[in-house]
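Protein chains in written order, with my numbering: chain A, 1 to 603; chain B, 1 to 603.
C-beta atoms are modelled at their ideal positions from N, C-alpha and C, and glycine is treated no differently.
Quick caveat, the model's predicted, so the values are computed rather than measured.
Number of protein chains: 2
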Amino acid sequence: MTESPYRSRLDAVRDLMRRKGADALIVPSADPHLGEYVPDHWRIIRWLTGFTGSAATVIVTDDFAGLWTDSRYFLQAAEQLEGSGFELVKLKVPHSHEHIEWLGNRLKKGSRVAVDGRLISASHIELLQEQLKAKNIRLTLKTDFIAPLWKDRPPLPGGMAFAHPLQYAGESRADKISRVRQKMNEMKAGYQLLTSCDEVMWLLNIRGSDLGYSPLMLSFAIVSTDQVLFFADEEKIPEAMKADFDSDNVVLLPYDLLEVVLGALPEKSSLLLSPSTTSAAILSAVPKTVAITREISIPARLKAIRNETEIRNLRDVMIKDGIALTRFFYWLGKNVGSGEVTELSASAMLESFRMEQEGYRGPSFETIAAYGSHAALPHYVPGHGSDAKLKASGIFLLDSGGQYPGGTTDVTRTIALSEPDDEMRRYFTLALKGTIDLAMIRFPYGTRGYQIEVLARKALWENGMNYGHGTGHGVGSFLNVHEGPQTIGSAASGDIKTILEPGMLTSDEPAVYREGSYGFRTENLILCVNDSETDYGRYLSFETVTLCYIDRNLTDASLLDDNELQWLNEYHERVYNLLEKELNTEERGWLRENTAPIGRENS
Amino acid sequence: MTESPYRSRLDAVRDLMRRKGADALIVPSADPHLGEYVPDHWRIIRWLTGFTGSAATVIVTDDFAGLWTDSRYFLQAAEQLEGSGFELVKLKVPHSHEHIEWLGNRLKKGSRVAVDGRLISASHIELLQEQLKAKNIRLTLKTDFIAPLWKDRPPLPGGMAFAHPLQYAGESRADKISRVRQKMNEMKAGYQLLTSCDEVMWLLNIRGSDLGYSPLMLSFAIVSTDQVLFFADEEKIPEAMKADFDSDNVVLLPYDLLEVVLGALPEKSSLLLSPSTTSAAILSAVPKTVAITREISIPARLKAIRNETEIRNLRDVMIKDGIALTRFFYWLGKNVGSGEVTELSASAMLESFRMEQEGYRGPSFETIAAYGSHAALPHYVPGHGSDAKLKASGIFLLDSGGQYPGGTTDVTRTIALSEPDDEMRRYFTLALKGTIDLAMIRFPYGTRGYQIEVLARKALWENGMNYGHGTGHGVGSFLNVHEGPQTIGSAASGDIKTILEPGMLTSDEPAVYREGSYGFRTENLILCVNDSETDYGRYLSFETVTLCYIDRNLTDASLLDDNELQWLNEYHERVYNLLEKELNTEERGWLRENTAPIGRENS
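Quick look at the structure:
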């Protein structure tokens with residue numbers, strides 16, 4: 001019996017810890033940009049423990065090695081960690097920092113904790129320090145226990161950058177830089193540091209090929225009053241782009257020179273940075289004489305508001321994505337009885353339909369294709385032994401999205417694979433009421449997402465139900481599928497101070513989950529738009545831009561009020577009208593049936 | 001022509017300022033407890049400027065003297081300030097600190113600003129310091145320019161304290177003190193400072209007679225692990241109460257000894273205080289070696305949750321108040337045509353009906369009795385020349401409340417004095433929908449007030465309308481009519497982090513105002529109660545405890561959905577059933593008519 005490679009890696013890490021005098025090591029799942037997706041080079045936890053899930057924290061001490069992850073990964077982690085020497089620690093609340101409390105309880109006074117300061121945000125470090133100071137525990141940030149041990153480590157990704165031309169961006173690089181500088185001037189800041197790749201991409205009107213689901217290039221930037229310093233691997237920049245940069249005074253510098261340049265910022269200069277996306281290592285490179293303002297970055301706020309061109313492109317993309325979805329669901333209906341369709345094969349088929357669409361660049365996140373009771377898990381992803389066959393009964397939940405130069409999509413539909421029972425129709429419709437009620441609201445300018453979220457939950461609350469996740473996340477424009485600062489949720493998530501503004505895109509995804517049985521979610525993207533001007537001021541509303549039929553069989557019209565029913569019928573009419581031209585006769589007929597008006601007699 | 005006395009007071013103040021080297025003086029309208037109502041002794045602004053309104057800030061410089069107040073006082077202030085040497089500065093946003101910006105713009109670098117540190121909160125001072133530091137402006141807190149000049153100053157009020165017995169309090173003083181100590185222990189605090197009189201009253205189960213609308217006694221307290229130090233004027237404490245205090249180890253100390261005692265707190269001890277209700281002077285009396293935790297006080301959080309006894313008493317009080325209101329509106333209907341009824345005489349008549357109720361102690365705030373276009377001003381109060389006669393046409397808005405040992409009330413009704421037109425019915429009903437929709441919501445435990453506020457605004461938003469004030473404020477139990485920490489509002493007001501808990505009472509008062517024409521508001525008090533336990537956890541809802549008919553003539557049933565109409569009819573049924581026993585035959589018949597079910601044909 002050969003020993004697990006993970007066990008010897010753990011031994012080697014412990015050996016290094018002992019030699020460097022660290023009592024505990026924290027390994028986050030992150031790269032120096034602290035974004036959602038991480039390149040293989042930085043998938044340290046996978047190398048160290050064998051766990052392949054996307055979200056985890058590892059802690060190693062002399063006599064303990066554990067991996068904290070959330071409920072969607074419990075089964076997978078238990079399996080993958082077997083024999084690795086690491087034990088699974090189940091998070092009670094997803095994305096929380098429960099390991100910090102564990103450390104505080106477990107470690108002795110005066111212990112030393114090591115963490116790679118490049119992989120942890122400045123705000124997270126403050127939380128750690130706050131919680132550990134009572135025990136006088138010291139944090140060491142300048143230690144890398146992994147690099148010396150990881151022999152066959154994948155290099156940093158080498159994907160080429162490509163232009164995001166004006167026809168998609170809608171605003172030139174020079175104009176964007178000038179708007180950022182204007183805001184910097186208002187905020188009395190000499191420099192704006194950008195550590196999130198999506199912010200750099202937006203500013204420079206480029207995209208990259210370094211990560212799985214988001215078209216990003218690993219890079220940093222510093223905007224000053226006369227230059228943009230762009231830190232990236234020169235090899236990955238096409239020559240034409242370099243010339244283009246010159247004309248806008250964008251200076252290309254080596255990727256790993258950021259900290260050196262920050263360290264040379266002039267005395268008494270002022271720097272804007274975002275503490276939740278700036279690593280502790282980067283923050284510590286800034287000289288003490290520089291005045292730091294901690295704020296969500298200017299590009300993050302500007303890019304959240306789509307311009308007219310981006311909105312026009314988004315509407316086009318929704319037609320493309322809607323056609324792929326329509327073809328997929330038509331195909332699924334015809335094939336689900338064959339006994340050959342599984343969660344994974346259905347995902348693959350959806351991907352092939354999307355690939356037929358012009359400009360499609362790939363999925364915007366890992367597809368959630370969940371049959372029956374799998375749909376009760378909000379973040380279920382097939383694979384790792386679980387790939388259910390779809391029978392002609394029960395429900396199927398599909399949450400997927402695509403990347404197109406004109407926009408990023410994210411859509412969920414739940415369909416019945418045979419005649420649903422009343423219970424299923426009730427759950428589905430109560431969640432759907434939330435999707436519709438949020439989409440229908442008109443609200444005054446100045447309203448924040450958390451103020452209107454209850455509209456998505458009210459029908460469920462009235463029936464003693466709820467869902468444990470937020471209602472709406474921001475969505476980027478050919479960037480990240482999850483992108484703030486706007487959010488439709490309560491205080492816990494996002495920046496609740498951000499007001500909703502015309503041009504902002506968010507998801508609208510209330511749901512209901514019945515553990516062990518099924519789950520129901522209808523998710524559309526909704527675009528905030530100008531509505532009207534009254535004696536009481538300026539009013540905004542939402543346009544639902546996602547185009548895909550909503551299962552009439554699962555809809556219990558008796559639970560919808562007149563306004564909701566009218567919304568649904570008008571939505572279906574619009575879906576049909578915008579998609580039918582591109583469909584063949586059979587598909588068109590099928591869509592006509594599935595978007596036919598629902599009357600009161602349906603109930 | 002004699003000179004205004006205010007002009008010579010202003011001259012004297014300026015003279016003192018010059019001698020003490022102050023470039024500007026800020027005079028807040030507050031006393032050292034920083035509550036809503038202020039005794040005559042502390043009505044410095046009235047003495048200095050002649051302005052009698054309740055909310056204002058005065059600033060005096062060498063060449064300027066101004067009074068900042070909000071729109072409800074613009075007319076009154078303009079009149080009262082005439083010839084005083086003070087000019088009116090109109091606040092754009094009520095209760096905001098716009099004078100700070102003015103100071104920052106007006107004063108030279110290095111100026112000295114004086115403010116009596118006893119009359120300004122610790123958190124307000126921080127705001128001031130933050131905004132003025134750019135100009136290196138220094139604040140002097142230990143100056144009293146008023147005491148040496150105000151010759152005939154009224155003494156501090158001498159109202160006697162009285163017991164708030166167990167039959168009303170529902171929990172003994174000893175038990176309350178013990179619960180506070182338990183929380184202090186959890187928060188690792190050795191001392192809890194109480195500066196708000198309502199918190200002291202609640203803790204000690206007493207009430208006072210020092211202020212106009214709230215049964216408070218001017219007092220402070222410090223809770224330690226074995227004593228409660230109670231700072232109050234001994235003269236005002238009945239002998240029996242003193243003996244009673246002894247047995248609970250409550251130590252009576254002179255009112256003005258608080259700062260001395262705080263200054264003697266042991267080294268390294270820990271003190272809880274609330275920075276928004278603790279004055280800068282009191283905070284500065286705390287030795288630097290004491291660890292201060294800034295938090296809403298423990299009693300403030302505990303007393304917000306009414307116990308069973310308080311709830312039972314509240315329901316009784318609502319019947320009493322409801323009978324007084326019913327008699328008043330019956331009387332009004334019969335007399336409004338006489339041409340003799342005015343806003344002030346109507347207020348007086350309402351007061352006489354309340355005085356017939358057992359236990360009634362007086363109004364809980366200044367009655368808003370607003371005829372016609374006066375109702376478009378959310379905080380209109382008749383008087384100062386404006387006392388409209390009520391004609392048998394148009395609308396009348398009445399916002400009033402009473403203090404009873406069993407509870408504090410606050411209720412608004414808007415009635416039509418003749419057949420209303422469709423426009424009036426529409427405005428009234430759209431605002432009423434908000435009152436009803438908020439009252440009907442069921443929500444999971446853990447929900448915050450700001451999450452559900454939109455339900456009160458949605459119908460108005462849909463029609464392009466809104467109101468500029470919050471939706472719901474907390475209400476004390478025979479204490480202040482405005483009392484946190486709970487609130488149903490957006491981020492701007494109250495402590496938005498406070499979750500709603502069973503036993504909390506708030507108002508529910510959406511409204512619509514049409515400047516120059518009329519205004520409509522229906523305000524009930526709603527009690528948060530346990531609703532049910534489901535698979536998804538614990539659910540709460542509201543019980544509307546206010547009992548007073550809602551004008552059927554103003555209600556357009558076609559604008560109410562079935563649930564809202566059912567709520568209104570059931571509410572009216574309950575109002576009638578709970579009030580009819582105490583009414584005479586005529587009043588009963590009148591109430592029966594005015595609470596009769598509304599059918600769809602009404603619309």
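| message | Quick check on A:Y191: does DSSP put it in helix, strand or coil? | response | Here A:Y191 sits in strand by DSSP.
| Neighbouring residues, chain B, relative to A:Y539 (Cβ below 8 angstroms) | Under a criterion of Cβ atoms nearer than 8 angstroms, the residues of chain B adjacent to A:Y539 are, in order, W461, G464.
| Listed from N- to C-terminal order along the chain, which residues in the region 440-459 of chain B have their beta-carbon within a distance smaller than 8 angstroms of any beta-carbon of chain A? | Listed in sequence order: I441, R442, F443, P444, R448, Y450, Q451, I452, E453, V454, L455, K458.
| task | Tell me where the alpha helix (DSSP H) around B:P5 begins and ends. | result | Boundaries of the alpha helix (DSSP H) harbouring B:P5: 5-20, taken from the DSSP string.
| message | Give me the residue from A:P32, A:T447, A:L583, A:S96 with the minimum Cα distance to A:F353. | response | The shortest Cα separation from A:F353 among A:P32, A:T447, A:L583, A:S96 belongs to A:L583.
| query | Since B:D561 meets chain A, which of its residues come closer than 8 angstroms, beta carbon to beta carbon? | reply | Around B:D561, the beta-carbon contacts reaching into chain A at under 8 angstroms are D561.
| task | Could you name the residues of the region 507-532 of chain B whose beta carbon sits closer than 7 angstroms to any beta carbon of chain A, in the order they occur along the chain? | result | Closer than 7 angstroms at the C-beta level to chain A, one finds these residues of the region 507-532 of chain B: S532.
| What residues in the region 359-375 of chain A bring their beta carbon closer than 8 angstroms to a beta carbon of chain B? | Within the region 359-375 of chain A, no residue qualifies.
| said: Beta carbons nearer than 9 angstroms to chain A: which residues of the region 51-77 of chain B have them? | reply: From the region 51-77 of chain B, no residue has a Cβ closer than 9 angstroms to chain A.
| query | Using a C-beta to C-beta distance shorter than 7 angstroms, which residues of chain A count as neighbours of B:S29? | reply | By Cβ distance, chain A contributes nothing, its closest Cβ being about 29 angstroms from B:S29, past 7 angstroms.
| Short Cβ contact (9 angstroms threshold) for A:S297 with A:G190 | Judged by their CB atoms, A:S297 and A:G190 are not nearer to each other than the 9 angstroms cut-off.
| Taking 9 angstroms as the CB-CB cut-off, is A:Y427 touching chain B? | Taking Cβ atoms only, chain B never reaches closer than 9 angstroms to A:Y427, which makes this a no.
| field | For A:E36 and A:L229, the rounded distance between their alpha carbons | value | Straight-line Cα distance between these residues: approximately 24 angstroms.
| request: Name, going along the chain, the residues of the region 231-247 of chain A whose beta-carbon falls closer than 7 angstroms to a beta-carbon of chain B. | output: For the region 231-247 of chain A, the set of residues with a beta-carbon nearer than 7 angstroms to any beta-carbon of chain B is empty.
| said: I need the straight-line Cα distance from A:N185 to A:I222, nearest angstrom please. | reply: Going by the C-alpha atoms only, they are around 15 angstroms apart.
| query | B:G434 lies in the alpha helix (DSSP H); which residues open and close that run? | reply | 422-440 is the span of the alpha helix (DSSP H), which, as asked, contains B:G434.
| query | Quick one: which chain B residues come within Cβ less than 8 angstroms of A:S490? | reply | Annotation: Cβ neighbours of A:S490 in chain B (cutoff 8 angstroms, chain order): R448, Q451.
| request: Go through its chain and collect everything with a Cβ distance to A:V38's Cβ below 7 angstroms, but skip five positions before and after it. | output: Same-chain partners within the cutoff: S29, A30, D31.
| field | chain B residues whose Cβ lies nearer than 7 angstroms to that of A:T487 | value | For A:T487, no chain B residue has a C-beta closer than 7 angstroms to its own C-beta; the minimum C-beta separation is roughly 13 angstroms.
| request: Could you give the DSSP three-state label for A:S603: helix, strand or coil? | output: In this prediction, A:S603 has a pLDDT of 45, which is less than 50 and means its spatial position is unreliable; nothing more can be read from the coordinates.
| What residue from A:H482, A:A65, A:H97 has the CA that sits closest to A:S84's CA? | Here the closest residue by C-alpha is A:A65.
| field | Contact set between the region 289-314 of chain B and chain A, restricted to residues whose Cβ is under 8 angstroms from the partner | value | Listed in sequence order: no entries.
| Per DSSP, the bridge partner or partners of B:C528 | Answer is B:F542, bridged to B:C528.
| task | State the start and end residues of the unbroken beta strand (DSSP E) segment that holds B:D508. | result | B:D508 -> beta strand (DSSP E) spans 505-508.
| Neighbour list for A:Y536 in chain B, Cβ cutoff strictly below 7 angstroms | Going along chain B in sequence order, the residues near A:Y536 (Cβ under 7 angstroms) are G464, M465, N466.
| field | Beta-carbon proximity list for B:P275, same chain, < 6 angstroms, skipping 5 on both sides | value | Cβ neighbours of B:P275 beyond the five flanking positions: A122, S123, R294.
| query | Could you give the C-beta distance for A:Y518 and A:I395, rounded to a whole number, given that I count them as a contact under 8 angstroms? | reply | Confirmed, about 5 angstroms.
| By how many angstroms is the C-alpha of B:L332 removed from the C-alpha of B:D399? | Here the alpha carbons of B:L332 and B:D399 stand approximately 15 angstroms from one another.
| query | So who's on the other strand from A:I206, going by DSSP bridges? | reply | The bridge partners DSSP lists for A:I206 are A:A163.
| Considering only the beta carbon of each residue, do A:L204 and A:R173 sit closer than 9 angstroms? | Result yes, Cβ atoms of A:L204 and A:R173 sit closer than 9 angstroms.
| Near B:R588, what residues of its chain come up, given a Cβ to Cβ distance below 7 angstroms and the 5 sequence neighbours on each side ignored? | Taking C-beta separations shorter than 7 angstroms and ignoring five residues to either side along the sequence, the partners of B:R588 in its chain run E580, following chain order.
| request: Look at the alpha carbon of B:S178 and the alpha carbon of B:L253, and state the distance between them as a whole number of angstroms. | output: If I take the Cα positions, the gap works out to 21 angstroms.
| message | Could you compute how far the alpha carbon of B:E261 sits from the alpha carbon of B:L193? | response | Checking the displayed sequence, the identity of residue 261 of chain B turns out to be Val instead of Glu. C-alpha separation (whole angstroms): 11 angstroms.
| field | Beta-carbon contacts of B:P94 that lie in its chain and below 6 angstroms, excluding the five residues immediately before and after | value | Apart from sequence neighbours up to five positions away, the residues of its chain that approach B:P94 with a beta-carbon distance below 6 angstroms are D70, ordered along the chain.
| message | Rounded to the nearest angstrom, what separates B:Y445 and B:I488 at their Cα positions? | response | So the alpha carbons of these two residues sit roughly 15 angstroms apart.
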